[in-house]
Structures are given as structure tokens and as C-alpha cells.
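Asker:
Chains as they are written, first to last, in the numbering used here: chain G, 509 to 619; chain B, 509 to 619.
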């Protein structure tokens with residue numbers, strides 16, 4: 509599947525830039541959510557829940573943001589689905605890559 | 509040392525109540541510090557530092573709040589030193605126990 513696609517040098521630049529932008533968005537959203545939860549915490553046990561939740565969020569992000577060309581198609585589809593990536597940022601990618609991303613999104617929408 | 513002291517039933521009540529009160533104070537201070545740090549966080553990396561710091565604080569508290577009679581003298585001395593326990597809450601303990609707590613505090617003050 510996606511692991512067999514070739515990435516031109518201009519596509520690699522588009523991909524890197526979209527990836528970095530999505531990472532910034534994801535980290536910003538996570539930080540904002542963390543600050544909101546922390547401001548609402550009233551007990552020690554609330555704080556422990558936030559700590560556990562935060563560790564899980566960080567692990568999810570580390571797993572999600574996997575910049576290997578063999579993984580990028582599904583990574584981009586996931587980032588779009590989670591609201592971290594604006595699909596327009598992928599405009600410089602070849603049509604076959606964008607179609608494949610679209611297939612993942614369509615597949616997920618059916619689940 | 510302290511592990512050989514006998515604890516009467518009334519002393520056990522005093523100890524339990526002082527211990528619980530100190531735990532409440534420690535958890536309250538930790539929560540307040542956490543909320544302050546979280547409100548000041550501006551980057552994802554600040555958030556990670558808070559998470560690491562929080563985990564360490566929790567471990568320190570778990571280690572500190574050790575309710576075994578063999579450990580209580582040094583635990584109470586540590587709680588007083590850290591500002592979590594008002595020494596007056598130990599008024600119902602025998603003089604030998606309070607002296608021993610005093611010796612730990614004096615020893616620490618000299619370090």
C-alpha cells in the first residue's frame with residue numbers, strides 16, 4: 509500500500525511542513541486542554557487523573573506523529589480526522605497520495 | 509531507635525489524626541502548586557516538565573506518608589520540617605516520643 513509510494517523532493521518539503529504544522533496544532537490543543545483541566549481541578553485526585561490523562565495523551569501523540577514515508581499516508585489521514593491537519597496543506601502532494609488519504613478517511617467514516 | 513517505642517491506644521488516635529491532617533495539608537499544597545504552574549505554562553515543553561515534576565512530587569509524598577509505628581517518629585519529624593504538620597497536633601504523644609522527634613529536627617537543622 510502506501511509504503512510503496514515514491515516521494516519527490518518537493519513532496520517531502522510539503523509533507524514536512526504539513527507534519528510540523530499539525531504537530532504544533534496538536535501540542536497547542538493538548539496544552540490548552542491541560543490548562544483548562546488544571547484550572548478546574550479541586551482535589552488531589554483530580555490532579556492525579558490529569559497526570560494520567562496527560563501521560564496517555566503524550567503517548568498517543570508520540571505514536572501518531574510518525575514521520576516515516578512508509579507511514580505518512582495513514583499518519584496524514586489520522587491527523588486530518590483528529591482535526592490537527594488542514595487537508596489544504598497537502599496540496600503539493602501527488603494525486604495518488606491524496607486519493608489514498610481520501611480512501612482512509614472514507615473508510616474511517618464508514619466505521 | 510524509634511521502632512522500639514510503644515504506642516498507647518490514645519497515642520495512636522493522636523498520631524492518626526495528625527498524620528491525616530498533614531496529608532491533607534501536603535496534598536492541598538501540591539495541588540495549589542500544580543494549578544499555579546499549569547496556569548503559567550505556555551508551551552508543550554512546560555507541560556511535560558509539570559508532568560514530570562508532578563510524578564516526582566507524588567512519589568515523594570507516597571514515600572513520606574508511611575504510617576508504620578516503626579517509622580512514625582521520623583515521618584512526623586519530616587512532616588514538621590516540610591511544613592505539612594503543626595507540632596502542636598502531637599501534644600497527646602508521650603514526652604519520649606516528642607523528644608525523639610525534637611532530636612531528629614535538631615539533627616536536621618545542623619546539616
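Just so it is clear, CB atoms sit at the ideal spot from N, CA and C, and this is done for glycine as well.
In this text, all values refer to a predicted model and were calculated from it rather than measured experimentally.
Quick one: Cα of residue 540 (chain G) to Cα of residue 617 (chain G), how far?
Answerer: Working through the first chain from its first residue, we reach residue 540 (chain G) at position 32. Working through the first chain from its first residue, we reach residue 617 (chain G) at position 109. Computed Cα separation, rounded: 27 Å.
Asker: So is residue 571 (chain B) in contact with chain G if we call contact Cβ pairs under 8 Å?
Answerer: Counting from 1 along the second chain, the entry for residue 571 (chain B) is found at position 63. False, the Cβ-Cβ gap to chain G never drops below 8 Å.
Asker: Using a Cβ-Cβ distance cut-off of 8 Å, determine whether residue 527 (chain G) contacts chain B.
Answerer: Against the first chain, residue 527 (chain G) aligns to sequence position 19. Not an interface residue.
Asker: Which residue comes first and which comes last in the alpha helix (DSSP H) that contains residue 518 (chain G)?
Answerer: As a position in the first chain, residue 518 (chain G) is number 10, starting the count at 1. Per DSSP, residue 518 (chain G) belongs to the alpha helix (DSSP H) from 517-548.
Asker: Which first and last residues belong to the alpha helix (DSSP H) in which residue 574 (chain B) is found?
Answerer: Locating residue 574 (chain B) in the second chain gives position 66, where the first residue counts as 1. Element bounds for residue 574 (chain B): n/a, residue is neither H nor E.
Asker: Would you give the residue range spanned by the alpha helix (DSSP H) that residue 603 (chain B) belongs to?
Answerer: Along the second chain, read from residue 1 onward, the residue named residue 603 (chain B) stands at position 95. Here the alpha helix (DSSP H) through residue 603 (chain B) covers 603-618.
Asker: Please identify the residue among B:593, B:615 and B:580 whose C-alpha is closest to the C-alpha of residue 605 (chain B).
Answerer: Position 97 of the second chain, counting from 1, holds the residue named residue 605 (chain B). That would be B:580, whose Cα lies nearest to the Cα of residue 605 (chain B).
Asker: Alpha carbon to alpha carbon, how far is residue 568 (chain B) from residue 559 (chain G)? Give it in angstroms, no decimals.
Answerer: Looking up residue 559 (chain G) in the first chain gives position 51. Looking up residue 568 (chain B) in the second chain gives position 60. Taking the straight line joining both Cα atoms gives about 15 Å.
Asker: Whose Cβ in chain G lies nearer than 7 Å to the Cβ of residue 537 (chain B)?
Answerer: For this step, residue 537 (chain B) is matched to residue 29 along the second chain. Within 7 Å Cβ-Cβ: nothing; residue 537 (chain B) doesn't reach chain G, min ~10 Å.
Asker: Please report how far the alpha carbon of residue 530 (chain G) lies from the alpha carbon of residue 538 (chain G), in whole angstroms.
Answerer: Your numbering for residue 530 (chain G) matches position 22 in the first chain. Your numbering for residue 538 (chain G) matches position 30 in the first chain. Whole-angstrom Cα-Cα distance: 12 Å.
Asker: Could you confirm whether any beta carbon from chain B is found closer than 8 Å to the beta carbon of residue 543 (chain G)?
Answerer: Here residue 543 (chain G) refers to the residue found at position 35 of the first chain. Cβ-Cβ to chain B under 8 Å: yes for residue 543 (chain G).
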